[in-house]
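What follows is one structure encoded as structure tokens, with my remarks underneath.
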Amino acid sequence: MELIRRRKAPENEIPQLELDDYVTEAINGPVADPPGVKLRNEGLKAKHPVVFVPGIVTCGLELCEGHQCAEGLFRKRLWGGTFGELYKRPLCWAEHMSLDNESGLDPPGIRVRPVAGLVAADYFAPGYFVWAVLIANLARIGYEEKKMYWLHMTGGFHFRWVEAPAPMGCGGGPDWCAKHIKAVMNIGGPFLGVPKALAALFSAEARDIAVAR
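Those letters in the sequence shown? Residues 0 to 212, by numbering that gives the first Met the number 0.
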């Protein structure tokens with residue numbers, strides 16, 4: 000067997016990877032350290048648990064129980080990931096993603112639940128990161144999965160639910176959040192609504208769906 004030898008670069012030749020870094024720094028300036036590295040160098044360390052509340056769009060959903068048409072999809076993502084099942088069996092996918100018209104809960108024989116762990120919302124789809132960069136920077140100052148928790152969907156609804164009296168809520172009382180939550184940081188949450196909602200009201204179709212079609 001003839002072996003293919005890698006060409007040895009001359010002493011005055013810059014390797015391609017180093018050349019790419021050199022060109023990038025020459026154009027944009029020195030590459031800055033990630034925020035997590037800067038905070039670690041300043042002595043900041045993990046202290047309080049961090050609770051993420053991803054939005055209704057960027058939370059991965061998987062199938063726990065389904066009808067015959069969903070055979071083989073147990074623990075597979077129906078929302079997020081590659082959306083492969085949406086194209087393979089669209090009617091079955093729509094049936095399992097729909098809620099009951101009367102109860103607003105899962106239809107009989109169907110259970111769709113949030114994906115567990117940090118993978119639930121680090122990447123919404125391949126190449127489309129959501130919380131991955133924030134998770135990586137928190138890890139640089141000492142956070143790990145047992146100190147990072149996820150509350151799935153509905154945003155601020157969780158704060159109202161935990162304080163609401165039972166049985167409609169958790170029964171924590173009106174001052175539970177003030178006592179147990181150190182701080183709340185909103186990252187891109189549209190508390191005042193979004194303009195594209197108007198188009199959806201008039202046409203019953205969002206721009207995102209039109210582009211996908």
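From the three backbone atoms N, C-alpha and C, an ideal C-beta is built for every residue, glycine too.
Is the Cβ-Cβ distance between arginine 88 and valine 114 less than 8 Å?
no
Quick one: what does DSSP say tryptophan 175 is sitting in, helix, strand or coil?
helix
Determine the closest residue to arginine 74 out of Phe82, Leu60, Tyr86, with distance taken between C-alpha atoms.
Leu60
Can you give the Cα-Cα distance for aspartate 121 and glutamate 84, rounded to whole angstroms?
21 Å
Assign arginine 159 to one of three DSSP states: helix, strand, or coil.
helix
What does DSSP give as the partner residues of phenylalanine 128 in its beta bridges?
Tyr122
Secondary structure at phenylalanine 73, three-state DSSP: helix, strand or coil?
strand
Can we say the region 159-166 touches the region 129-136, given the rule of at least three CB pairs closer than 8 Å?
no
If you check the beta carbons only, do arginine 110 and glutamate 64 fall under 8 Å apart?
yes
Going by DSSP, what residue range makes up the beta strand (DSSP E) through methionine 147?
147-149
Where histidine 95 falls, given that 16 or more other Cβ within 10 Å makes a residue buried:
buried
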